[in-house]
Amino acid sequence: MAPLRFGQLLASCERNTRWRGAATRNRAMTLTREGTVDRSTMQDCSAALTLLSSKWALPVLVALADGPARRKHLKRRAAPINDDRLDAALSHHLRDGLVADAWIPGPRRNERGYALTELGYSLLRALSPLARWHEEHGRSLDEHRRHWDASHPSARRP
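By the numbering used here, the letter at position 135 of the sequence shown is numbered 144, and the numbering carries on one by one without gaps.
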């Protein structure tokens, strides 16, 4: 079977529920000229990125990287998030074990807050190479987008 091209890989990511059967038939695929990546590894990567698929998932985690916070302080750190989106992001992160309830000392009493778990910190550490990749290639991406927008005026995004 021929190796998948990058566009085919992305299409496969969207159909990751079908990967389990495909992974047993063809274990490796070429992503670059330098090496290969196992299909099950890509499935795991897709599952990990799903944790960050909502717009506010990452900003909430990053806001908690500064330390535990009560809800109102967390809302300020992750601004301009609204209450519903903050609650949804916290609920998902609590369910996944990335965030835990925390009691934060206050002037009169301890108050409920939220803190990153070790699992949450490990996810943020795992994103560092992705951030470095963007630092290295961000200008190139912008240049390609400008070129695309100039040559495809009807396809411009709002």
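Even glycine gets a Cβ: it sits at the ideal position worked out from N, Cα and C.
No experiment lies behind these values; they were computed from the predicted model shown.
- About 7 Å separates the Cβ atoms of LEU70 and LEU132, confirming a contact at the 8 Å cut-off.
- The alpha-carbon separation between TRP112 and GLU120 amounts to approximately 5 Å.
- DSSP places TRP142 in the helix class (H, G or I) of the three-state scheme.
- Per the C-alpha coordinates, the member of ASN91, LYS64, LYS81 and LEU60 positioned closest to GLY129 is LEU60.
- In this structure, the beta-carbon distance from GLY115 to ARG80 does not fall below 8 Å.
- In this structure, ARG104 lies away from TRP65, with their beta-carbon atoms at least 8 Å apart.
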